[in-house]
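Q: Got a structure for you, questions after.
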Amino acid sequence: MSNNASTFRLRTEVRWLLKEDYSNVICIDDINLNEIHNQRKLDIILVDHNYLNSNLNENVIEIIDHHPLKNGSIMLQDPSKIKIEYVGSCCTLIAEKLFSLNFKMTEEIAYLLTGPIVFDTVNFSSSAGKTTEKDRQIYAQLQTYRPQSDNDLELYDNIMKSSADVTGLSVQDLLRKDAKQLSGSNICLIMSSLPMNYTVEDFFGKLKTLNDINEFLSENENTDGVIITSVKVENTVTKRQLGFYFKKIEHTQLIYKYILSEEVNLDLQERSLPINQARIKLFDQKNVLASRKQILPLMEQFIKDLVKSDIF
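Read left to right, the sequence shown gives residues 517 to 828 (my numbering).
Shown next as structure tokens:
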């Protein structure tokens, strides 16, 4: 996994799906990739990613991903080794590859692939807008290897409940659980997705002071701010919120203007805050089809276009 062993405890949905058996889980800090690289023994297959922030790009031999390409995405000489398709779940593409290789599918592996597919597509919810026909086709193919009695609505509910379990999690844990760092020459920020059904409004309501967020930013290369997204599903209806905090009011004003622009098209409705702080903003996101996968490139474009003179 790309998680460190110390943060794996935050992946409650993965822990539930594995039935608390982590004996075969390898975290990124369990092995020394640079040492293997120096021994010229390292081959990397990128899954659910198409770029690396490291010196290991030359070791990438294959890419399987469902995120849009962007500046910095790795391009391989052999195009047959790049599989990028905008499906609901990357496990759909993994399963498709296994089937194409005549892999001997087992009930256990079919179950482990089914879980992320039903979770990522919000159990094929039409209001979430994340499902493609290929997701449905691969899901149906996987079910031929599983008992007919399996109830995948129950599977989805259990994964969602485990993902939404915030028991004992601090403010820093909530931000760290699913975070991506974006860096530019004039600004650096983090995008954090909150656990399922835990809203940005819930998160800001948990704040007593800004010290917890500032400490999180300091621990992550003294990043300038954080964009926070959430999704809540009630009776198959998907609701999204977006919020942000920046240490400098100048950054707050710039990102505020940008995300409300027509070109971004998130259809944001500003909400009042449970905490009185000008550098924090909270919005209901009426364009519920725009998940973090769609918002991330918008934030990357903002970082790319920001020039130093804009900040002063």
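Glycine included, C-beta positions come from ideal geometry on N, C-alpha and C.
Just so you know, these numbers come straight off a predicted model, no measurement behind them.
#1: So, at 6 Å on beta carbons, what are the nonlocal neighbours of L733 in its own chain, with the 5 sequence-adjacent residues on each side left out?
#2: Using DSSP's beta-bridge definition, name the partner residues of Y761.
#3: Return the chain-ordered ranges of every alpha helix (DSSP H) run that is complete within the stretch 573-647 and spans a minimum of 4 residues.
#4: Could you check where the beta strand (DSSP E) with V530 kicks off and where it finishes?
#5: So what's K722 in DSSP terms, helix, strand or just coil?
#6: Using 8 Å for Cβ pairs, my map puts Y655 next to I633. What's the rounded Cβ distance?
#7: Can at least three beta-carbon pairs, one atom from the stretch 623-643 and one from the stretch 587-599, be found at a separation below 8 Å?
#8: For I775, is the classification buried or exposed, using 16 other Cβ atoms within 10 angstroms of its Cβ as the cut-off for buried?
#9: Report the residue ranges of all beta strand (DSSP E) runs contained in full by the stretch 657-720; include only those spanning at least 3 residues, in chain order.
#10: Is E469 buried or exposed, if buried means 16 or more other CB atoms sit within 10 Å of its CB?
#11: Is the stretch 531-542 close to the stretch 560-578, with three or more CB pairs under 8 Å?
#12: From N751 to N639, what does the alpha carbon distance come to, in whole angstroms?
#13: Opposite K755 in the DSSP bridges: which residues?
#14: Could you give the residue range of the alpha helix (DSSP H) that holds L562?
#15: The beta strand (DSSP E) spanning L789 covers which residue range?
#16: What does the Cβ neighbour count give for Q555, buried or exposed, with the cut at 16 atoms within 10 Å?
#17: Can you name the residues that DSSP bridges to Q801?
#18: Mark V747 as exposed unless 16 or more other C-beta atoms lie within 10 angstroms of its C-beta, in which case mark it buried.
#19: Mind reading off the beta-carbon distance from L789 to L798? Whole number of angstroms is fine, and I expect it under 8 Å.
#20: With contact counted as at least three CB pairs below 8 Å, one residue from each stretch, are the stretch 753-771 and the stretch 682-698 in contact?
#21: Rounded to whole angstroms, what's the CA-CA distance from N550 to L568? Just pull it up for me.
#22: Cutting at 7 Å between CB atoms, please list the residues of its own chain near R527, excluding the five before and the five after it.
#23: Rounded to whole angstroms, what is the Cα-Cα separation between E894 and S699?
#24: Do E578 and K508 count as a contact pair if the criterion is CB distance below 8 Å?
#25: Quick check: the Cα distance between T754 and D564, rounded to an integer number of angstroms?
#26: What are the boundary residues of the alpha helix (DSSP H) that includes Q817?
A: The short version:
#1: To locate residue 733, count along the sequence shown from 1; it is residue 217. Taken in chain order, the residues that qualify are T739.
#2: Position 245 of the sequence shown holds residue 761. According to DSSP, Y761 bridges with V742, I796.
#3: 606-616, 623-636
#4: Residue 530 sits at position 14 when you count from the first residue of the sequence shown. First-last for V530: 528-533, but that is the alpha helix (DSSP H), not the beta strand (DSSP E).
#5: Locating residue 722 in the sequence shown gives position 206, counting from the first residue. DSSP places K722 in helix when its eight states are reduced to three.
#6: Residue mapping note: residue 655 aligns to position 139 of the sequence shown, counting from 1. Residue mapping note: residue 633 aligns to position 117 of the sequence shown, counting from 1. The pair is a contact, with the Cβ atoms about 5 Å apart (cut-off 8 Å).
#7: no
#8: Sequence index remark: in the sequence shown, residue 775 carries index 259 (1-based). By the neighbour-count rule (16 or more Cβ atoms within 10 Å), I775 is buried.
#9: 695-699, 704-709
#10: Nothing can be reported for residue 469: it is not among the residues displayed for the chain, which extend from 517 to 828.
#11: no
#12: Numbered from its first residue, the sequence shown carries residue 751 at position 235. Numbered from its first residue, the sequence shown carries residue 639 at position 123. Straight-line Cα distance between these residues: approximately 12 Å.
#13: Here residue 755 corresponds to residue number 239 of the sequence shown, with the count starting at 1. Bridge partners of K755: K748.
#14: If you number the sequence shown from 1, residue 562 lands on position 46. Where L562 is concerned, there is no enclosing alpha helix (DSSP H), although the beta strand (DSSP E) it sits in stretches over 560-563.
#15: For the purposes of this step, residue 789 is identified with residue 273 of the sequence shown, where counting begins at 1. Premise fails: L789 is in no beta strand (DSSP E) and is neither H nor E.
#16: One-based indexing of the sequence shown puts residue 555 at position 39. Classification for Q555: exposed.
#17: Start at 1 with the first residue of the sequence shown, and residue 801 comes out as number 285. Note: Q801 sits in a beta bridge opposite R756, L784.
#18: Against the sequence shown, residue 747 aligns to sequence position 231. So V747 ends up on the buried side.
#19: Here residue 789 refers to the residue found at position 273 of the sequence shown. Here residue 798 refers to the residue found at position 282 of the sequence shown. About 5 Å separates the two Cβ atoms, so the contact holds.
#20: no
#21: As a first step, residue 550 is located in the sequence shown; it is residue number 34 there, counting from the start. As a first step, residue 568 is located in the sequence shown; it is residue number 52 there, counting from the start. Cα-Cα distance, rounded: 13 Å.
#22: Here the question's residue 527 lines up with position 11 in the sequence shown. Cβ within range, chain order: N519.
#23: In the structure displayed, the chain extends from 517 to 828; residue 894 sits before or after that span and is not available.
#24: Nothing can be reported for residue 508: it is not among the residues displayed for the chain, which extend from 517 to 828.
#25: The residue you call residue 754 lines up with position 238 of the sequence shown. The residue you call residue 564 lines up with position 48 of the sequence shown. Cα to Cα, T754 sits roughly 23 Å from D564.
#26: Position 301 of the sequence shown, counting from 1, holds the residue named residue 817. Looking at the DSSP string, the run of the alpha helix (DSSP H) that includes Q817 is 808-821.
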